[in-house]
Each structure stands twice: as structure tokens, then as C-alpha cells.
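Count the sequence shown with the numbering used here and you get residues 15 to 936, in order.
Here is the structure we will look at.
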Amino acid sequence: MDKTYQPSTIEKQWYETWESNGYFAPSGEGDPYSIMIPPPNVTGSLHMGHGFQESIMDALIRYNRMKGKNTLWQVGTDHAGIATQMVVERLLDAEGKTRHDLGREKFIEKVWEWKEESGGNITRQLRRLGASPDWSRERFTMDDGFYKAVQEVFVRLYDDKLIYRGKRLVNWDPKLHTAISDLEVINEEKKGHLWHFNYPLSDGSGHLTVATTRPETMLGDTAVAVNPDDERYKALIGKTIKLPLTDREIPIIADDYVDMAFGTGCVKITPAHDFNDYEMGQRHNLEMINIFNDDAHINSNAPEKYVGLDRFVARKKIVEDLEALGLLEKIDDHNLKVPYGDRSGVVIEPYLTNQWYVKTQPLADEAIKAVEDGDINFVPKQYENMYFSWMRDIQDWCISRQLWWGHRIPAWYDDAGNVYVGRDEAEVRTKYSLADSLALKQDEDVLDTWFSSGLWTFGTLGWPEDTDFLKTFHPSSVLVTGFDIIFFWVARMIMLTLYFKKEIPFNTVYVHGLVRDSHGQKMSKSKGNVLDPIDLIDGIDLETLVQKRTAGMQVPQLKQKIEKMTRKEFPEGIAPYGTDALRYTYYSLASTGRDINFDVGRIEGFRNFCNKLWNASNYVLMNTEEHDCAQDGSSDYELTLADRWIVSRLQQAEKAVIEGIESYRLDLASQALYDFIWKDYCDWYLELTKPVLWDDNADEAVKKGTRRTLIRVLETILRLAHPLMPFITEEIWQRVKPLAGAEGDTIMLARYPVPDATKIDQQAITDIEWAKGIILGVRNIRGEMNIAPSKHIPIYIKNGSDDDKRCLADNLQFLKKLASLESVEWLTDADEAPLSATALVGKLEILVPMAGLIDKEAELARLQKESDKLTKEVERLEAKLNNPKFVDKAPAEVVDKEKNRLADVNNALGKLAEQQNKIRNL
């Protein structure tokens, strides 16, 4: 192996090897285990959230693949209706054309051309991240097979009277001219105004004052509402108002929804342009007057003077006209939430249009029951409450979109407006017995992308055909997703899968947190805090990073702010950290359900961790290659205490890592692995092998035992770490496997380690921990007294037990080597110890003679620091033992334990005081 770890030289090579050899495909053997990738948008590129999510899924897949399961990670992308159409329309715009210049058919051809040429960026990036799905089965939500599934579902739901067409209020994007989902609406806090207008009573007896944040919608008012219990207005209920600027009269109605304390207690009702007003309009059978066109300009339902005006121009004109009529009471400053389209960036309007809907309540009942009965489990469990809350108050689902790119709705109309639903026109004519001469026109709308992605778990496996893959891998094992799409995707998959497959789509929903920046802020281009996972893997220079973060920004002040912030945060750009370091950083932060704050400093630490493993492996190979490592079947080797200890700790580490992965606590799994590799194996075990391997007089059987342990524990570490760090473990494993007696072409198909409790030598663990305590005690004294690590020093030990004496005898070789000891002498109670620096290991005292070594003032300061620490412990214990609640309620053995601890600490304090007196008298 190279002396230094260079991830760029190994990662791409190994990924190509894995993919070209088909290692990602299901083995066909073992219990099935499957994960369906949440399909990223075909227009997308890998962001930090993707990187986090895909790393989690890949760890689960690699772990279960190594456990011998028949593993499928189903990969694919979503056609992303609005996003993709916008990309292609921008390309046409650069040519001076629109989609209407091409026509629908030619435009769709153009989109497919773009998809084939440029739509694979995110899948290339997934490969760079080390993701191991079965690429041979890659699906697209607009491919032929998926198209059939979508058509089948729509037709059957329609025939079962669960899909209908109706005129209702939707989120409308005036720029894109389509309905959009709640997920595509961003509500931003804005400073606005609250206009107060006087609406005259029809009988001339006065007026009511209403307040609104959208004056333009008053042209569509069809009522004024008051609370039925409001004494100010009870006598007016049932009367009418002359709606200003129009020739209409509208009623005064009573509704409990009205908040008497807000504003004047009178609310203008515009059912066609407000979701809450729409519900009230339904309750009171109010007229629905739509005053907007598709582009949010005023239509002919309004007075002629406003027709054709943009909504915001109309707003200004209406306020001016009402003020001229003396009907503007006042204008207050008002903070409000304004809905914007996440793609178009324009203000979204509640808009009354004809759309297709799924009647969701019948589907929701079964989906609720599946979670209540425990057939589907959420991890963490609290997300079940979020799921139930939405499902129990579910609204019908608007599934149509006014786009050209997407699954076109399989409905046809005749000239009279009658609707016919079927998989194609030929089926429609047969199904409804229509004459060939009857002219039919297919619906222009397409289906919401969430509708097609709701079929993902079974549509990707060949449904409606009953394929072998569908039988084997459905239901899938776990869905890995963010909490923000529980409503939009997870719940809908459960509803549709239960209805069409009569089984759940997945057994577990693992909900991870969202990735934020190091300050907890959401990552967004406008904030300039976006990190690209590929930049963290491969590195990026400062100037390129600045250009990337400010690209397309039109506001000079914002551009300058982002550039300044980037130069401050990354003065030298971003170093190449490699995939394994990035992935390990993700896992370290993956506590279930919590948002994670990503700090680049952490990835640097895990790059060091990769270096540590690489350097340790070089040490192992240097000491095992071309040496006898005591292969299986041989018995001419002997294990040292250190060998037995590391094998024992390995079993404990394996157990902790497995428990972490299987409980979806990848943070705990990665921490357990990190601690074992860095602290136990590298920092201690490798050091403990040197006195054996570097001793020319050491017994050959002992050397064989240590070499055997070195290489086999390392080989097991690599398999244990592989799901989290795939590249570095594969590279090292290829060098290690022949020495360790391992077989196979790739580590990713090697068996995952299984802990063996019979290999745990508790005495070895206890003894090595004892030795570590001695070594650390001596090292601490060296550090505080500025004694060079290389200087051999004598030490004395006193107040130990017989077991301490045994441990000293058994570990003397290690102690002398690792603590650089000249000699070790055991003092009896009768022996007079020389003036020494002292460290405590339990009751055991370690004494380092100070003659010729000590800085008197420094040692007094050290002892005082130790005394202060023990004094605080005395105060804590005394407070606890003087507390009746503790003494009376705690078990007697617990109280006694604390009393004994107090006695030990007081005893130690006394000895430190004696030591301080001795030094002062030097």
C-alpha cells in the first residue's frame, strides 16, 4: 500500500469495479431485504440532504448484503413535472422560442432529448458518493412500464368512484399557469398593510368596517361575516351591504369562525380567492365569483374599469378609488405570511378551477389502521403522531396539473363535455360503446408527480404484472425519508399500495432530520450557505467556490455579501476530504429524527480517522507480510494478554455497531466503531504489540499469536466498517485478506462480523485496563513535570492489593516499554517512599521520585489542582449523604457505596496534603 492515504486514487477505480462486476444486484439467495430510493428529480443535483439520505440507505444496504440477505436497492428518478418543463422552456427561451411555438408533441420530444443528454447528473453524483443500488434496474417515473402502472391506477380509482373532477379552490401559480401542491408553496414573512374599508349598509343606516390584506379581492366578495355572539352586530345579521365599486348587494352572515377580537370583528368573505372563505362559502351556500384570469389579471367578472389589470396594479387602483369615495378608514402596518411558488418565485393565488381529485378518506382509513396495528412502524415513533394528525383530517387530493410534461390524464371529452375514462381512446370507445364517428379530445392536463411517485414501491417492481421481483421484494424493508414529505409521499404510498396490492409498501419508515449549516440555518442559495457534497469529496478552490455560490445572483449587494462570507469561511477553498470521510461525518450526526448542523471541521476529523486506519494498516502489513501469521489449523502460537484483550473488545465493538445499525442509530454505531479503531486498536493494541514484535528474544509462538491477532482483528475491522466507509475498507482488505485467511473477490460480499461472547476474556479486559491506568498515570506525571517521554524513569507502587501485584507481574514488560520505565519497585507500608510525584489508580498509588526531575513550584501547583478536584468531590458526596431524600429512599448498598467513596476521597486528600508538605520542605 502507498504510505499516504489518497482517496481520489482509489474511489473511482473501486466503484467502477463494483458496478461492472454486478456486485450491486440481488444475489438470489437468503431472506429478501429491499429499499426503494426516494426518487430524486431528474433535473436535480446532489445536495447535502441527498448525500445524508443516500449514505444512510447505502449503509443499510451494504450491511444487509454482507449479512447474506438477498438485497435490492431499487434506484430511479422522478420526472419532476414543473421543474423539468421549466428547464426545457428556459433552453427554448434562449433560442427565442416558447413551447407553444413547438406544440405539445414536439415539446415533449424536446424534453425527452434533454433527459437523455443531461438528465443523469444526479445519478452520476450518487455513484461518486459510493451508493450501491442495482443500476441495471434503474427506473424513471415516465418509462413505459411505470406509465402502464399510472394509467391502471387512475382508471381503477375512477371506476371505483374514488377519482372525480370538480371545481374547487387550489394553489395557483400565475406564472406557470398550473395548480401546485402545498409542498411547492413557500410562506415568507413579509411587511405589509391592513386596509380598513367601510362597506355601506343597503338600507342607508350606516356601515360596517372590514379589514383586508388583499384589497383587490374585494371585487369578488359575496358576504360579510360576523360572529353570532357578537353583540355589536347581532341586529345586522341577515341584512345586506352595498359592495363598493360594484353594483352588487351582499349579505351579512353569522359564523363561529369569525374572531370577535381581531380587527373590527367583521370579515369580508371572498370564497373564490381564500381557502378559509371557501369553506365558509360552502357552509352558507355563497356565490363563488372568480375575478382573476390564469395570469392573475382581473377578468370580466369585475367592473370594466379594472378588467385586464395585474392584481397588484388593481390593488393600488382600488385603494385609490375607495379613498376617493371616502370609504378608506385607515391603513395599518401588518406583518403577514405571503405564499410564493418555489419554482416560479411569484405570489401564489387561491384560485377556483376545474381539477381532478382523489377521494382520500376511504383510502386513509386503512392506512391509519396499518400504522395503529403496528404493521408499519415509524422510527422515531413520535412521527406516527404527525402522520395520524394529517390522515385523520385528510382533504381530497388535487392530482391534476396544467402542464405538458407528465402523465397525461387518461380521460376524453366529447363536444358536449361528457367525460370518458380509459387506458387509451380505443378502450374508451369500447368501454362506453361510443360510435367511431363521435369526436373525442383527450384531457390536456397531466397528473401530479406525487401521484405517480405514490406507486413507487410496487410500480418499480413491474406491477400491474405479477413479476418475480414484485413477489420477492414487496413489501420493502424500510423507507428512508425526511419528515417534510410524510404527508405528500409516505402517506400516499401507504394508501395507494394498500388499495392496489392489499399489503403494506414497507415495514419501517425511518425518518431522518434535515441537514442545516453549522449555525443551524437552513441551507439555501440565497443565504449563500449551500455546500455541495461533491465539493467536499473532491475539493474546490476558493475562486471557483465563490463563482459557484454567486452564480445567477442579480442583486449586487447580496452577491457581495455571499462572496465576503464565503471567503471568510473558506479562505483556502475546500480541501478534498474523500467520500469515506464525508459519509462518516453524516453517520456521526445521524441521531434519529433530529436536524443536523453540518460543520466542515467534523469532516476534517474523520479524514484524520481515515488516515489513522490507513497508517495502522501499513504497520500491520509491515509486521505480517512475509511472516508466519499462524493460519487456521495451526496450534503453534500463543496469545498474549493484549491479544486476548483486543479480541474481547472486538466482540463488544461488533455488538455495539450491530445494535446501532439495526436500531437506526448510525450515530451510535459510528461512535462505537470510531472508539474501537482509534482508541483500542490503534492507540493501545498496536503499541502493546511492539514489545513482542520488536523483541529479538521473544518466543516465536508468542510472535505468531500477535501477528495472527493483528491481521485478523484488522480484517474484521474492515468488514465491520465497510457499510460506513466502503472505499478505504475495500482497498485495504484486498491486501489483508490473504494474510488473514479470508476469501472472496470483494469485501462488499464478505460476511459481516458476528460477535462471539465465548471469545470475551473478562480477566484480560480488567488486566489491560489496569495496565492502561498505570501507563496513563505515569504519562500524566511526565506531562505535568515536563519529563521527556523518551527518558527512562524509576517508579514506586504502594497500597495495592494482591491482584494488583499479580497484574504488575503479568504486565511488567508492557509497562516498562510503553511508559519508558527504568524500574518498578513495590513498597510495603513499612517502606519510606522518597519524595515523589503521585498519581492514583483507584486506591493504588504511583510514585515518581522527584529527585533531579521536579520543578518544585510546578509540582505544588499540580498537587493543588488535584486537591481542588478531590475537595469538590468531597463536597458533592457530603451533600448527597446529608440529603434525607437520598439516604432514606436509596437502597442501602447504594448509600454504603457512596460512604465508602467519601472515605476513599478523604484518604486521598490526606495523602496529597502530606505530599505537598514534603515538597514545601525541599
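Ideal Cβ positions, reconstructed from N, Cα and C, are used throughout, including at glycine.
Is residue i buried or exposed, if buried means 16 or more other CB atoms sit within 10 Å of its CB?
i	result
residue 875	exposed
residue 693	exposed
residue 603	buried
residue 13	Outside the modelled stretch of the chain, which goes from 15 to 936, sits residue 13, for which no answer is possible.
residue 820	exposed
residue 997	Residue 997 falls outside the range modelled here, since the chain spans only 15 to 936, and no answer is possible.
residue 726	buried
residue 818	buried
residue 226	buried
residue 852	buried
residue 766	buried
residue 88	buried
residue 21	buried
residue 770	exposed
residue 601	buried
residue 146	buried
residue 656	buried
residue 153	buried
residue 220	exposed
For residue i, which three-state DSSP category applies?
i	result
residue 214	strand
residue 365	strand
residue 113	helix
residue 632	helix
residue 662	helix
residue 246	coil
residue 745	helix
residue 846	coil
residue 859	strand
residue 37	coil
residue 280	strand
residue 550	helix
residue 258	coil
Using only the alpha-carbon positions, how far apart do residue i and residue j sit?
i	j	result
residue 705	residue 654	11 Å
residue 78	residue 637	33 Å
residue 139	residue 869	59 Å
residue 797	residue 815	27 Å
residue 104	residue 502	28 Å
residue 610	residue 527	6 Å
residue 644	residue 71	38 Å
residue 328	residue 497	40 Å
residue 231	residue 193	19 Å
residue 84	residue 529	31 Å
residue 940	residue 783	Outside the modelled stretch of the chain, which goes from 15 to 936, sits residue 940, for which no answer is possible.
residue 266	residue 289	19 Å
residue 584	residue 738	27 Å
residue 257	residue 418	40 Å
residue 241	residue 268	5 Å
residue 428	residue 309	27 Å
residue 489	residue 46	10 Å
residue 273	residue 349	18 Å
residue 102	residue 506	29 Å
residue 550	residue 369	44 Å
Residues bridged to residue i by DSSP?
i	result
residue 234	According to DSSP, residue 234 bridges with nothing at all.
residue 223	212
residue 837	808
residue 154	91
residue 46	84
residue 370	179
residue 206	348
residue 526	496
residue 737	Note: residue 737 sits in no beta bridge, so no partner.
Open item on the list: Going residue by residue through the stretch 377 to 443, where are the continuous alpha helix (DSSP H) segments of at least 4 residues, counting only ones entirely within it?
Closed with: Segments of the alpha helix (DSSP H) lying fully in the stretch 377 to 443: 397 to 405.
Open item on the list: Extract the residue ranges of the alpha helix (DSSP H) inside the stretch 292 to 365, only unbroken runs of 4 or more that lie entirely within it.
Closed with: 325 to 338
Task: Runs of alpha helix (DSSP H) wholly within the stretch 559 to 641 (minimum 4 residues, chain order) - done: 570 to 583, 593 to 602, 614 to 638
- [ ] Return the chain-ordered ranges of every beta strand (DSSP E) run that is complete within the stretch 133 to 200 and spans a minimum of 3 residues.
- [x] 177 to 187, 192 to 194
Task: 4 or more residues per run - each alpha helix (DSSP H) lying fully within the stretch 643 to 731 - done: 655 to 676, 680 to 688, 700 to 707
TODO: Tell me the start and end of each unbroken alpha helix (DSSP H) in the stretch 866 to 935 that is at least 4 residues and wholly inside, in chain order.
DONE: 870 to 895, 898 to 903, 906 to 934
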